[in-house]
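A.B. asks:
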Amino acid sequence: MKKYIIFLFAILAVGLTSCNDDTEPGGTSVEKMAGDWWVTATAISNGQELGDVGLGHFRMYTYNTAANVSTEMWLEDGANFWDYKVKVNVDYNNRTFTTNDFIDNTSYDCKVKITDGKILEGAALTPSGMPADSIVYMIQFDDDPDGLTYKVSGFRRTGFPADDF
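Just so we're aligned: the sequence shown equals residues -19 to -1, 1 to 146 in mature numbering (1 follows the signal peptide of the UniProt record, and there is no 0).
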């Protein structure tokens, strides 16, 4: 009987010491700018909007780099528009992003330029009428035969079916 009591205390001791609090992993350095987005693209030539490029709403993504610093992030369209993935410079406090000039696209051999990128917290309305973060930026591609600028704008994906396209 004494052997069973010692065994019971040993099991309880192991069981109670293994119940540690979960540690909070924290977020990434650009967590308020990172996300999945529903966006549209509008063609622009000589400052004049030419209209939607005909894709309707498509998803694009922003996320931290492996360096996990607040001065850069990845911006990509998941091959939903032009097939681009570029590392952009970030001003995290102002929620803005840009490239200095045309930079290499990691998705395929072309160069991409991003200007006037910004994320506005709570500035968009989703299809269900709920507020969400807004994203907008201008993008150019060196292999665009028409040499157009495209305005990409939309809202952060909520995950609710009513807000998806």
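Every residue gets a Cβ at the ideal spot worked out from N, C-alpha and C, and that includes glycine.
Distance, Cα to Cα, P108 vs Q29?
C.D. replies: In the sequence shown, the residue the question calls residue 108 occupies position 127. In the sequence shown, the residue the question calls residue 29 occupies position 48. The alpha-carbon atoms of P108 and Q29 are separated by roughly 27 angstroms.
A.B. asks: State whether the segment 127 to 142 contacts the segment 29 to 38, with contact taken as three or more CB pairs (one from each stretch) at a distance under 8 angstroms.
C.D. replies: Touching, per the Cβ criterion.
A.B. asks: Just to confirm my understanding: we take V50, look at its own chain, exclude 5 residues before and 5 after, and list those with CB closer than 7 angstroms. What are they?
C.D. replies: On the sequence shown, position 69 is the one that residue 50 refers to. Closer than 7 angstroms at Cβ, skipping near neighbours: S10.
A.B. asks: Identify every run of the alpha helix (DSSP H) within the segment 57 to 107, keeping only runs that are complete inside it and at least 4 residues long; order them along the chain.
C.D. replies: Correct list: empty.
A.B. asks: Could you spell out the range, first to last residue, of the beta strand (DSSP E) harbouring L31?
C.D. replies: By 1-based counting over the sequence shown, the position of residue 31 is 50. That run of the beta strand (DSSP E) goes Q29 to D33.
A.B. asks: Do Y118 and S88 have their C-beta atoms closer together than 8 angstroms?
C.D. replies: Within the sequence shown, residue 118 is the residue found at index 137, counting from 1. Within the sequence shown, residue 88 is the residue found at index 107, counting from 1. Cβ atoms of Y118 and S88: not closer than 8 angstroms.
A.B. asks: Looking at the secondary structure, which residues open and close the beta strand (DSSP E) in which A22 lies?
C.D. replies: To locate residue 22, count along the sequence shown from 1; it is residue 41. Unbroken beta strand (DSSP E) run through A22: G16 to S26.
A.B. asks: What is the DSSP secondary structure of P142, reduced to helix, strand or coil?
C.D. replies: Sequence index remark: in the sequence shown, residue 142 carries index 161 (1-based). Residue state, collapsed to three classes: helix.
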